[in-house]
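Asker: Here you go, one structure.
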Amino acid sequence: MPADHAPSTDAASERESMEVDAVIVGAGPAGLSAACRLMQLAREKSRELSVVVLEKGSEVGAHILSGAVFEPRALEELFPDWRARGAPLQTEVARDRMFFFRGAEKAMEMPHWMVPKPMRNRGNYIISLGLLCRWLATQAEELGVEIFPGFPASEVLYHPDGRIRGVATGEMGRGADGARKASFEPGMELHARAVIFAEGCRGHLGKQLIAKFGLDEGREPQHYAIGIKELWRVDAAKHEPGLVVHGAGWPLAENGASGGSFLYHYGENLVSLGLITDLNYRNPHLSPFDEMQRLKHHPVFRQYLEGGERIAYGARAITKGGLRALPKMTLPNALLAGCDAGTLNFSKIKGSHTAMKSGMLAAESVFAMLANGDGALDGFEKSFRDSWLHAELRKSRNFGAALHKFGVWLGGAYNYLDQNWFGGRLPFALRDSRADHDAFLPAEKCAPIDYPKPDGKISFDKNSSVFLSATNHEEDQPAHLQLARPDDALAVNWARYAGPEARFCPAGVYEFVGGEGDDGAQPAFRINAQNCVHCKTCDIKDPGGNITWVSPEGGGGPNYAEM
Ligand SMILES: Cc1cc2nc3c(=O)[nH]c(=O)nc-3n(C[C@H](O)[C@H](O)[C@H](O)COP(=O)(O)OP(=O)(O)OC[C@H]3O[C@@H](n4cnc5c(N)ncnc54)[C@H](O)[C@@H]3O)c2cc1C
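Under this note's numbering, the first residue of the sequence shown carries the number 51, and numbering increases by one thereafter.
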């Protein structure tokens, strides 16, 4: 191999390094709250700290996608004067409605008293989480944090004794064949006394760390969902600022799957809506994207969308296993925070305030460690156990498992009793031990699903949707979607499950071309990596865990304006 075709590990010796006190990977609610809290503590104690946040998106918020109904509890703690500082929380929840969809046209509204308490939203706000992160980034910078957008952390660095030493950012300017292009730049090493990994759901470094350090030993398998979201500008006459609508049942229930839908009115005639599909679904013919397109034709959704304009689209996985699936969050010299670990409260379908709180707790432990000279971060486990975050997750520990085990009706009844009557203290340990990537049944045992064609007004195809996510990747770069067993795509996935990656991916990244004729010819399998919106669903749902998502060149991916 010519010298300039050397694999990236050989380029490690060319990397420059930077020494800092703390590195935070990911500028989401968890990472940015951690950064702000660290600097606040440094100011309070008059200490100098160097804190760097790495973000793989082209700017802070570019990869953030959420509902979002936001519970301000953690924000109140972090910045009690958030109103005066201009935090973008403008629309307070005014009305909560919850529907059980019984079919494409039918819906039953649940009386308010029947809605599980965690799903009531009085005192919460409808926001764009992307905008909140941009605001948090400004606060962090004012406190002295350095934020580097467009720089993914692509490798964990270790001391010889196994402690975490820092992270390296990804290389730029390598071609798809591994060769260096004229634009080649080696990554950079950030050596830190402590690292907080806050990459969000299915962080690729977090996944490696959980496996390497056995952090999930004795825990339930983690569970996930894929959330597909659109942002619409609707007719002013139909806009009801502060309205929160949640739905369960159709369309997913029709195909034996579960999840829920949402529709929130906020801002200037904006409606944020989406479908969350639990990734334990069994029918490989199911397509979360097409389910979402169908959903919008339901009268409860359609009434607002007719005459409106779709202005944004995106998708992101959700970590939802809760306390029973939560891995140990402490590592030698490092911590996991937010959805990288799995702090989302599934009973509320909210993970932003919990991510923020976990980041703040992580910062407090890191600060104590730095103040005492380098030592262990074990204090984190205790402060986590003593926090409202732990109490909240404990209360809802059976919520997801009840729905998975007993279905929407019985599971919903269990959750109603547990949450509204017993305050989450029913003494049962419901378990859900089948991993999402093991859930598919063979395609021949499941009914094929004939999705209606999009009408181009309410429903759309994948290409025009991905276009709205402003996704962009340098095309000539090494594959960031890696197959452990390349032959499995055809030999297993196509043969047994009718190629489910073409359907579970909401961005048209995976394609089986040809192979539909009667001649028995196999299709060609294609990966259109440049379409990837970084939702991580393939890394989670591909049968046997064959696909690994690693970070592409910095700045690549979606460019969400305010998702
Ligand atoms: C459709 C949908 C609806 C939701 N609705 C709600 C809601 O209504 N209310 C609510 O509270 N929560 C909601 N959530 C959940 C909420 O969005 C998450 O729980 C929350 O965003 C988690 O915050 P985080 O900081 O842990 O991760 P993220 O918000 O995912 O942020 C992680 C950041 O790290 C960056 N990153 C990842 N890997 C790297 C790397 N290696 N190097 C550098 N940067 C990296 C990412 O680009 C991203 O900017 C919803 C989620 C979805 C998908």
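Glycine is no exception: its CB is placed at the ideal position from the N, C-alpha and C atoms. Source: prediction; values computed, not measured.
#1: Take G225 and list the residues in its own chain whose beta-carbon comes closer than 6 angstroms to its own, dropping the five residues that flank it on each side.
#2: Rounded to whole angstroms, what's the CA-CA distance from G297 to G474? Just pull it up for me.
#3: Is the Cβ-Cβ distance between L99 and M613 less than 8 angstroms?
#4: By the three-class DSSP mapping on this structure, what secondary structure does P57 have?
#5: Taking the continuous alpha helix (DSSP H) assigned at S601, which residues delimit it?
#6: Hey, how far is the Cα of M169 from the Cα of G429?
#7: At a threshold of 7 angstroms, does K507 count as lining ligand 1 (C-beta to nearest heavy atom)?
#8: How would you write the range of the beta strand (DSSP E) that I197 sits in, first residue to last?
#9: Between V284 and ligand 1, is the CB less than 7 angstroms from at least one heavy atom?
#10: Can you check which of these residues, D482, H440 and Q469, is closest to F456 by C-alpha distance?
#11: Leaving out the 5 sequence neighbours to the left and right, which residues in its chain are closer than 6 angstroms to S58 when beta-carbon positions are compared?
#12: I'd like to know if the segment 339 to 355 and the segment 285 to 304 are in contact, where contact means that at least 3 CB-CB pairs between them fall below 8 angstroms.
#13: How is the alpha helix (DSSP H) around V143 delimited, first residue to last?
#14: Can you grab the Cα-Cα spacing for the pair T598 / G549, in whole Å?
#15: Give the secondary structure of K370 by DSSP, where H, G and I count as helix, E and B as strand, and everything else as coil.
#16: Can you determine whether any heavy atom of ligand 1 sits closer than 7 angstroms to the C-beta of C555, and answer yes or no?
#17: Which partner residues of N465 appear in the DSSP bridge assignment?
#18: State the Cα-Cα distance for the pair G173 and Y466, rounded to the nearest angstrom.
#19: Looking at F247 and V416, is the spacing between their C-beta atoms short of 8 angstroms?
#20: Are the CB atoms of T404 and T393 within a distance shorter than 8 angstroms?
#21: For the segment 532 to 542 against the segment 604 to 613, do three or more pairs of beta-carbon atoms, one drawn from each stretch, fall closer than 8 angstroms, so that the two count as touching?
#22: Return the Cβ separation of P79 and M406 in integer angstroms, given the expectation that the two are a contact with Cβ distance under 8 angstroms.
#23: Please state if the CB of K400 and the CB of E121 are separated by a distance shorter than 8 angstroms.
#24: Distance, Cα to Cα, A287 vs R435?
#25: If you measure between the beta carbons of A242 and V73, is that distance less than 8 angstroms?
#26: Sort L193, A144 and R576 by Cα distance to L82 and report the nearest one.
#27: I'd like to check one pair, L255 with G216: are the Cβ atoms closer than 8 angstroms?
#28: Could you check whether I214 and V103 sit closer than 8 angstroms to each other, using their CB atoms as the reference points?
#29: With DSSP collapsed to three states, give me the class of W282.
#30: Going along the chain, which residues of its own chain have a beta-carbon closer than 7 angstroms to the beta-carbon of R65, five neighbours each way excluded?
#31: Entirely within the segment 354 to 422 and at least 3 residues each: give me those beta strand (DSSP E) ranges in chain order.
#32: Over the uninterrupted alpha helix (DSSP H) stretch that includes R87, give me the two end residues.
#33: For G268, does the count of other Cβ atoms within 10 angstroms reach 16, so buried, or fall short, so exposed?
#34: Using only CA atoms, which one of P528, R484 and A493 lies nearest to V542?
#35: Given I590, which residues of its chain have a CB within under 7 angstroms of its CB, disregarding the five upstream and five downstream residues?
Answerer: Quick look at the numbers:
#1: Taking the first residue of the sequence shown as position 1, residue 225 is located at position 175. Around G225: K231 and D526.
#2: Position 247 of the sequence shown, counted from the start, is the residue given in the question as residue 297. Position 424 of the sequence shown, counted from the start, is the residue given in the question as residue 474. Distance between the alpha carbons of G297 and G474 is about 22 angstroms.
#3: In the sequence shown, counting from the first residue as 1, residue 99 sits at position 49. In the sequence shown, counting from the first residue as 1, residue 613 sits at position 563. Contact: no.
#4: The residue you call residue 57 lines up with position 7 of the sequence shown. With a pLDDT of only 42 at P57, under the threshold of 50, the placement of this residue in the model should not be trusted; the figure read from the coordinates follows. Of the three classes helix, strand and coil, the one that applies to P57 here is coil, per DSSP.
#5: Residue numbering aside, residue 601 sits at position 551 when the sequence shown is read from its first letter. Premise fails: S601 is in no alpha helix (DSSP H) and is neither H nor E.
#6: Here residue 169 corresponds to residue number 119 of the sequence shown, with the count starting at 1. Here residue 429 corresponds to residue number 379 of the sequence shown, with the count starting at 1. Distance between the alpha carbons of M169 and G429: 32 angstroms.
#7: For this step, residue 507 is matched to residue 457 along the sequence shown. No, Cβ of K507 sits at least 7 angstroms from all heavy atoms of ligand 1.
#8: As a working note, residue 197 is residue 147 in the sequence shown. Where I197 is concerned, the enclosing beta strand (DSSP E) stretches over E196 to P199.
#9: The count along the sequence shown starts at 1 and reaches residue 284 at position 234. No, the beta carbon of V284 sits no closer than 7 angstroms to any heavy atom of ligand 1.
#10: One-based indexing of the sequence shown puts residue 456 at position 406. The residue with the shortest Cα to Cα distance from F456 is D482.
#11: On the sequence shown, position 8 is the one that residue 58 refers to. Unreliable placement is indicated for S58, whose pLDDT of 49 sits below 50; the coordinate value is still reported in the next sentence. Here the set comprises E221.
#12: yes
#13: What you label residue 143 is simply residue 93 of the sequence shown in a count that begins at 1. Unbroken run through V143: none, as it is neither H nor E.
#14: Taking the sequence shown and counting its residues from 1, the one referred to as residue 598 is at position 548. Taking the sequence shown and counting its residues from 1, the one referred to as residue 549 is at position 499. So the alpha carbons of these two residues sit roughly 17 angstroms apart.
#15: Stepping through the sequence shown from its first residue, residue 370 is reached at position 320. Coil at K370, not helix or strand.
#16: Numbered from its first residue, the sequence shown carries residue 555 at position 505. Because no heavy atom of ligand 1 lies under 7 angstroms away, the Cβ of C555 does not count as near it: no.
#17: Taking the first residue of the sequence shown as 1, we reach residue 465 at position 415. In DSSP, N465 forms no bridge with anything.
#18: Translated into positions along the sequence shown, residue 173 becomes position 123. Translated into positions along the sequence shown, residue 466 becomes position 416. Roughly 21 angstroms between the two C-alpha positions.
#19: Residue mapping note: residue 416 aligns to position 366 of the sequence shown, counting from 1. Residue mapping note: residue 247 aligns to position 197 of the sequence shown, counting from 1. No.
#20: For the purposes of this step, residue 393 is identified with residue 343 of the sequence shown, where counting begins at 1. For the purposes of this step, residue 404 is identified with residue 354 of the sequence shown, where counting begins at 1. Contact: yes.
#21: no
#22: Locating residue 79 in the sequence shown gives position 29, where the first residue counts as 1. Locating residue 406 in the sequence shown gives position 356, where the first residue counts as 1. Indeed they touch by this definition, with Cβ atoms about 5 angstroms apart.
#23: Stepping through the sequence shown from its first residue, residue 121 is reached at position 71. Stepping through the sequence shown from its first residue, residue 400 is reached at position 350. Against a cut-off of 8 angstroms, the Cβ pair of K400 and E121 comes out as a contact.
#24: On the sequence shown, position 237 is the one that residue 287 refers to. On the sequence shown, position 385 is the one that residue 435 refers to. Going by the C-alpha atoms only, they are around 48 angstroms apart.
#25: Along the sequence shown, one-based indexing puts residue 242 at 192. Along the sequence shown, one-based indexing puts residue 73 at 23. It is a contact, given that the beta carbons lie within the stated cut-off.
#26: On the sequence shown, residue 82 is found 32 positions in, with the first residue counted as 1. Checking every option, the nearest Cα to that of L82 belongs to L193.
#27: On the sequence shown, position 166 is the one that residue 216 refers to. On the sequence shown, position 205 is the one that residue 255 refers to. No, they are not a contact pair.
#28: The count along the sequence shown starts at 1 and reaches residue 103 at position 53. The count along the sequence shown starts at 1 and reaches residue 214 at position 164. The answer is no: Cβ separation not under 8 angstroms.
#29: Position 232 of the sequence shown, counted from the first residue, corresponds to residue 282. Residue state, collapsed to three classes: strand.
#30: Indexing the sequence shown from 1 puts residue 65 at position 15. Excluding residues within five positions, the ones whose Cβ falls inside 7 angstroms are A218, P236, G237, M238 and E239.
#31: 359 to 369 and 384 to 386
#32: On the sequence shown, residue 87 is found 37 positions in, with the first residue counted as 1. Looking at the DSSP string, the run of the alpha helix (DSSP H) that includes R87 is P79 to E94.
#33: By 1-based counting over the sequence shown, the position of residue 268 is 218. Exposed, since its Cβ has fewer than 16 Cβ neighbours within 10 Å.
#34: Position 492 of the sequence shown, counting from 1, holds the residue named residue 542. When each option's Cα is compared against that of V542, the closest is A493.
#35: As a working note, residue 590 is residue 540 in the sequence shown. If we look at I590 and ignore the five residues flanking it on each side, its Cβ neighbours are R252, Y274, L329, A367, D486 and H487.
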